[in-house]
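Engineer: In our numbering, the protein residues as written are 25 to 100.
C-beta atoms are modelled at their ideal positions from N, C-alpha and C, and glycine is treated no differently.
Note that the coordinates shown come from a computational prediction; the quantities given were computed from them, not determined experimentally.
If you scroll down you'll find the structure; I have some questions about it.
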C-alpha cells in the first residue's frame with residue numbers, strides 16, 4: 025500500500041485508486057478531487073475537476089495534498 029492510500033485510510037476517506045495506488049480520485053463537496061504521486065516519490069499533486077479550481081498544487085505529504093484538495097472542492 026502506498027503512502028497516498030495509507031493517508032486516505034488514516035483520514036477515514038474512500039476513493040478510487042489507480043496506477044498501482046499512486047493516483048486517487050475522491051468525491052469532494054462540489055467536484056472530484058485528484059491526487060497523484062509525483063515521479064520517484066517526490067511529493068503529491070492535487071487538483072479539482074471544477075473549471076475555476078483546476079490549478080495544480082504541489083505538496084510534500086499525501087495528507088496535506090488530500091486535505092487541500094478537499095478544501096478547494098468545498099469552495100468550488
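(1) Are the beta-carbon atoms belonging to residue 76 and residue 92 less than 8 Å from one another?
(2) With 16 other CB atoms within 10 Å as the buried threshold, where does residue 38 fall?
(3) Which residue marks the beginning of the beta strand (DSSP E) containing residue 54, and which one marks its end?
(4) Could you give the DSSP three-state label for residue 89: helix, strand or coil?
(5) So is the beta-carbon of residue 26 under 7 Å away from any non-hydrogen atom of the ligand FMN?
(6) Tell me where the alpha helix (DSSP H) around residue 42 begins and ends.
Structural biologist: Looking at the atomic coordinates:
(1) Not closer than 8 Å, so no.
(2) With fewer than 16 other beta carbons inside 10 angstroms of its own, residue 38 counts as exposed.
(3) Where residue 54 is concerned, there is no enclosing beta strand (DSSP E), given that its DSSP letter is neither H nor E.
(4) Residue state, collapsed to three classes: helix.
(5) This structure lacks the ligand FMN; in fact it carries no ligand of any kind.
(6) For residue 42, there is no enclosing alpha helix (DSSP H); the enclosing beta strand (DSSP E) has its first and last residue at 40-42.
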